[in-house]
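Under my numbering, the first residue of the sequence shown is numbered 1, with each subsequent residue one higher. Below you'll find the structure, written out as structure tokens, and then a few comments.
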Amino acid sequence: MQNSCCAAVRLLTWALVLLTFPPICLAAAKAKVHTVSLGMARKVPWSRPDRVPVSGDAGSNMTQMLKVRPLIVDGKQKEWTTGDAHDVTDRSFTIRRAMRLNDTLPGEATPRWSWQPGPWLLVDRTTGHVTALHLPDFDAGVSEAVWYRDYAAYCGTGTTAKGGLFVVVAQLGVRRPVVHKQIGKWPQVLPPDPVCKPAQWQRDPMRVMLQPTDGEPMTFAVVGTTSLVEAGDSDDQ
Numbered sequence: 001m002q003n004s005c006c007a008a009v010r011l012l013t014w015a016l017v018l019l020t021f022p023p024i025c026l027a028a029a030k031a032k033v034h035t036v037s038l039g040m041a042r043k044v045p046w047s048r049p050d051r052v053p054v055s056g057d058a059g060s061n062m063t064q065m066l067k068v069r070p071l072i073v074d075g076k077q078k079e080w081t082t083g084d085a086h087d088v089t090d091r092s093f094t095i096r097r098a099m100r101l102n103d104t105l106p107g108e109a110t111p112r113w114s115w116q117p118g119p120w121l122l123v124d125r126t127t128g129h130v131t132a133l134h135l136p137d138f139d140a141g142v143s144e145a146v147w148y149r150d151y152a153a154y155c156g157t158g159t160t161a162k163g164g165l166f167v168v169v170a171q172l173g174v175r176r177p178v179v180h181k182q183i184g185k186w187p188q189v190l191p192p193d194p195v196c197k198p199a200q201w202q203r204d205p206m207r208v209m210l211q212p213t214d215g216e217p218m219t220f221a222v223v224g225t226t227s228l229v230e231a232g233d234s235d236d237q
């Protein structure tokens, strides 16, 4: 009789535990699955605020076209983007944000909006999380980042009082740039367009070549390991 009572108590105890703490497999089954996609592209007018019209040069004042696409997470638009996406890992990618800025002057009655390329975003396909990247000395009007693995190579402008034009190689998850070398003065009265040629990457050994449009090419060896940590990663993975 005593054994039967003890067995009933143990059964009741386990039942209460299971009701309070559902099995891990049931919790995992209820985990939300996120969907991340890029919508249809469309062209929008893009006025370059960093380009001053030159007298007699009709092309210097031409409005360019910018191709933008919506970034959609779980069926809802999160951001506007421009350019191609770069897969950093099998679940994360970077893409540049497109911003719609209020270009209305004080006192103007009619609203005016202007499209501009913005900073870069890091998107996690698994969690649906979108993170704004703060790349060192990245200038939306000057910098054209070229990605390889989790590195971005570009020309940037100094944010200090001295200013300056720099070649930069930045790595995701690392605050200080891998390469940061001044190559000229900034601002400039009539800078070339583009200011620098697109960076060229080499795999083995890992190197990158950067070159100002009106200068000599420079090659840098990139030494380091991937430091990007994604949500849900652990040391034993």
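Where is the CB? At the ideal position from N, CA and C, for every residue including glycine. The structure displayed is predicted, hence computed values, not measured ones.
Own chain partners of residue i with C-beta closer than 8 Å, once the 5 adjacent residues on each side are dropped
i	result
residue 166	137, 155, 156, 157, 158, 180, 181, 182, 183
Separation of residue j from residue i, as counted between CA atoms
i	j	result
residue 189	residue 83	28 Å
residue 99	residue 185	28 Å
residue 40	residue 217	37 Å
residue 220	residue 48	31 Å
residue 187	residue 75	42 Å
residue 197	residue 212	6 Å
residue 43	residue 102	18 Å
residue 150	residue 88	6 Å
residue 111	residue 90	42 Å
residue 260	residue 33	Lying outside 1 to 237, the shown extent of the chain, residue 260 is not represented and no answer is given.
residue 107	residue 129	39 Å
residue 58	residue 144	Because residue 58 carries a pLDDT of 49, less than 50, the predicted location of this residue cannot be relied on, and the following value inherits that uncertainty. Their Cα atoms are separated by approximately 25 Å.
residue 210	residue 199	5 Å
residue 71	residue 176	29 Å
residue 67	residue 161	34 Å
Sub-8 Å separation of residue i and residue j beta-carbons
i	j	result
residue 96	residue 115	no
residue 38	residue 69	yes
residue 208	residue 195	no
residue 140	residue 146	no
residue 36	residue 123	yes
Residue closest to residue i, alpha-carbon to alpha-carbon, out of the options
i	options	result
residue 142	64, 132, 193	193
residue 135	108, 101, 172	172
residue 174	144, 133, 71	133
residue 126	67, 73, 204, 203	73
residue 117	81, 148, 131	81
residue 169	78, 161, 201, 162	201
residue 79	131, 203, 160	131
residue 203	161, 67, 148, 109	148
Contact set for residue i: own chain, Cβ-Cβ below 6 Å, skip 5 residues either direction
i	result
residue 85	93, 95
residue 164	158, 182, 186
residue 25	Its pLDDT being 48, under 50, residue 25 is placed unreliably by the model, and the measurement read from it follows with that caveat. There are no such residues.
residue 77	70
Residue span of the beta strand (DSSP E) that contains residue i, given as start and end
i	result
residue 200	196-202
residue 220	218-221
residue 36	36-38
residue 93	92-102
residue 190	Note, residue 190: premise wrong, no beta strand (DSSP E); not H, not E.
residue 114	113-124
residue 212	207-212
residue 45	42-46
residue 84	76-87
residue 184	179-184
residue 152	151-157
residue 67	64-73
residue 132	130-132
residue 165	165-171
Same chain only: Cβ atoms within 7 Å of residue i, ignoring 5 sequence neighbours per side
i	result
residue 45	63, 65, 115
residue 205	221
residue 214	192
Heavy atom of the ligand FMN within 7 Å of residue i beta-carbon
i	result
residue 218	For the structure depicted, the ligand FMN is absent and the ligand set is empty, with no information on it obtainable.
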